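Listed in order, the protein sequences are those of chains S and R.
Counting from 154, one number per residue, gives the positions in the first sequence under the numbering used here.
Counting from 3, one number per residue, gives the positions in the second sequence under the numbering used here.
All residues carry an ideal CB built from backbone N, CA and C; glycine is no exception.
All figures in this text were calculated on a predicted structure; none of them were measured in a lab.
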Amino acid sequence: MTQEYFENLRLELRRGSVVLAVLAALRREQYGYTLRKTLSDHGLEIDEGTLYPLLRRLETQGLLDSQWREEDKRKKRFYILSTEGARVLEQLLAEWRSIDLSLEQVLKEQSNGAQSNGTR
Amino acid sequence: MELKAMELVNRYLQAIKFWLPKEQKDNILAEISADLRAQIEDRESALDRSLTQSEIEDILKQRGRPCLVASGFRPQESLIGPVLYPIYLFCLKCAILGYLVPWLLVTLIILIVRPSFPAAQSIPAWFNVLAQISGNLWNMAFVGAGTVTLIFAILERVQAKSHWLENWNPRQLPPVRKANLNRRTNAAFELAIILLATAWWAAYMDRTVIYLGESIRIALNPQWLWFFWSYLVVLLLTATTSILILARPHIVWPPAVLRLFNSICGGILFCSFLRLGMLAGIQAPNMTAQQAIDFTNTVNHWMITCFPLGVIVSVVIIAIDIYRIARAVSRSSSTE
């Protein structure tokens with residue numbers, strides 16, 4: 154049961170960061186399969202059932218541009234960050250760093266508190 | 003890729019296509035297809051051979067059931083969303099308790115009281131009554147639940163557009179309930195009523211001949227005295243329960259168990275009262291001997307006829323008491 158809770162919490166934690174990772178990875182033009190591989194190579198496994206609907210959603214929101222092109226005799230849909238997407242990515246990265254900093258401070262405070270309690 | 007393996011992929015894509023949103027069907031499918039084929043080709047070039055059918059099968063299985071894959075591309079839709087769902091469930095329960103249960107009881111009474119109901123109360127007669135009720139009950143339940151669901155489905159659409167649930171005022175919330183005070187007030191009121199009833203019961207009902215005014219004489223069966231004393235004990239036990247709540251409003255178990263015990267005893271007594279036909283005779287001015295016999299027989303007949311109804315009412319009361327105890331148990335275990 155604990156493992157199940159952990160899995161749910163892990164998925165919740167990853168959900169927001171996956172959007173950030175996808176936007177960041179698409180600063181360079183890629184199609185779905187290579188994007189998935191890029192993320193996987195960096196330790197961010199994302200299944201196709203999550204990635205493709207996410208790409209469409211981000212495109213509908215105007216954060217991505219896409220076009221169908223032939224490569225290796227096969228038609229593929231290439232995605233790239235739009236101008237609006239680049240702006241939003243910068244804002245999201247700033248938010249991400251701020252959350253990271255706050256969390257670090259909370260963790261540091263907690264660990265200092267635990268240490269001072271231990272020395273008493 | 004083998005031809006058979008390709009066929010498997012095509013079947014998979016066709017199944018996904020069926021569930022995709024109409025306007026983007028081909029576009030999404032082309033993308034899924036490109037991704038799938040790229041994955042297969044990648045594996046084939048890594049293994050330096052064509053994938054077998056079972057290997058393709060594994061890839062498809064890992065991707066998930068076609069309708070689930072397609073569902074990711076559909077907008078999130080629900081008949082009643084998570085915001086309104088608890089309110090919907092609450093209203094559904096209210097509809098059952100406030101609409102279906104009273105309807106059931108009223109229908110049961112009408113069917114029993116109507117002249118065509120056989121006085122002999124044979125099993126087929128009861129079976130007939132139950133068959134009529136269950137036939138209508140499903141219709142009523144379906145219409146009731148369907149109406150509530152329909153109203154909430156409409157509210158869900160309206161709420162999604164107007165966000166009326168977001169406009170609220172904290173001042174309009176009901177005042178905080180003082181649980182113990184409430185219990186004490188109820189217990190004090192209940193005790194006053196029970197004591198009055200007990201005094202009346204002990205003063206006027208301890209005999210087998212009862213006079214209404216000076217002219218009407220009601221004679222009861224000898225079993226009445228047994229019933230009288232038993233019911234007096236139940237009344238005193240009920241009064242004890244109220245006193246217990248008044249004195250110790252925080253305790254939960256003893257009053258709840260006492261109440262259940264009282265309900266069981268009260269139910270048994272009430273049902274046996276109906277079943278035994280307590281009236282032995284009546285004398286009243288302007289009433290002939292034959293009329294008195296007819297009246298006595300009619301009263302006893304209706305009491306016996308209402309016996310099953312008494313059983314149903316008693317079972318419902320006992321079930322409510324058991325439900326209250328179960329709720330108290332779950333609350334106490336959740337707060338531990």
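Neighbour-count burial assignment, residue i, 16 or more Cβ in a 10 Å radius
| i | result |
| --- | --- |
| Asp253/S | exposed |
| Ala40/R | buried |
| Glu33/R | buried |
| Asn264/R | buried |
| Lys163/R | exposed |
| Asp37/R | buried |
| Ile196/R | buried |
| Phe144/R | exposed |
| Tyr206/R | exposed |
| Phe344/R | Coverage of chain R is limited to positions 3 through 338, which leaves residue 344/R absent and any answer about it impossible. |
| Ala201/R | exposed |
| Ala48/R | exposed |
| Gln293/R | exposed |
| Gln55/R | exposed |
| Leu166/S | exposed |
| Phe20/R | exposed |
| Val103/R | exposed |
| Trp226/R | buried |
| Tyr213/R | exposed |
| Tyr184/S | buried |
Any chain S beta carbon closer than 8 Å to residue i
| i | result |
| --- | --- |
| Asp28/R | no |
| Leu152/R | no |
| Ala36/R | yes |
| Leu62/R | no |
| Ala40/R | yes |
| Val11/R | no |
| Glu192/R | no |
| Glu57/R | no |
| Glu33/R | yes |
| Leu70/R | yes |
| Phe75/R | yes |
| Arg65/R | yes |
Test: residue i CB closer than 8 Å to a CB of chain R
| i | result |
| --- | --- |
| Lys229/S | yes |
| Thr213/S | no |
| Glu201/S | yes |
| Gly169/S | no |
| Tyr158/S | no |
| Tyr205/S | yes |
| Arg209/S | yes |
| Tyr186/S | yes |
Secondary structure of residue i, DSSP reduced to three states
| i | result |
| --- | --- |
| Glu182/S | coil |
| Glu224/S | strand |
| Phe231/S | strand |
| Leu222/R | strand |
| Ser219/S | strand |
| Ile253/R | coil |
| Ile82/R | coil |
| Leu197/S | coil |
| Leu167/R | helix |
| Val211/R | strand |
| Gly146/R | helix |
| Phe229/R | helix |
| Phe75/R | coil |
| Pro104/R | helix |
| Gln174/R | helix |
| Pro23/R | coil |
| Ser286/S | The requested residue 286/S is not part of the displayed model; chain S covers only 154 to 273. |
| Glu192/R | helix |
| Glu158/R | helix |
Heavy atom of the ligand NAD within 7 Å of residue i beta-carbon
| i | result |
| --- | --- |
| Tyr158/S | Annotation note on the ligand NAD: not contained in the displayed structure, which lists no ligands. |
Q: Give, in chain order, every unbroken run of the alpha helix (DSSP H) that is at least 4 residues long and sits entirely within the segment 270-332 of chain R.
A: 291-307
Q: Decide if the segment 242-251 of chain R is in contact with the segment 297-312 of chain R; the criterion is three or more beta carbon pairs, one per stretch, under 8 Å apart.
A: no
Q) With a cut-off of 8 Å, do at least 3 Cβ pairs link the segment 250-266 of chain R to the segment 316-332 of chain R? A) yes
Q) Just checking, does the segment 63-73 of chain R make contact with the segment 238-246 of chain S on the three C-beta pairs under 8 Å criterion? A) no
Q: Inspect the CB distances between the segment 151-166 of chain R and the segment 76-85 of chain R and report whether three or more fall short of 8 Å.
A: yes
Q. Is it true that the segment 89-100 of chain R meets the segment 224-232 of chain S, where meeting means three or more beta-carbon pairs spaced less than 8 Å apart?
A. no
Q.
For a minimum of 4 consecutive residues, which ranges assigned as the alpha helix (DSSP H) are wholly contained in the segment 27-71 of chain R?
A. 27-49, 55-65
Q. Do the segment 271-285 of chain R and the segment 220-233 of chain R meet, that is, are 3 or more Cβ pairs less than 8 Å apart?
A. yes
Q.
With three or more beta-carbon pairs closer than 8 Å as the criterion, would you say the segment 259-266 of chain S touches the segment 201-221 of chain S?
A. no
Q | Inter-stretch contact (C-beta, 8 Å, three-pair minimum) for the segment 204-220 of chain S and the segment 171-182 of chain S | A | yes
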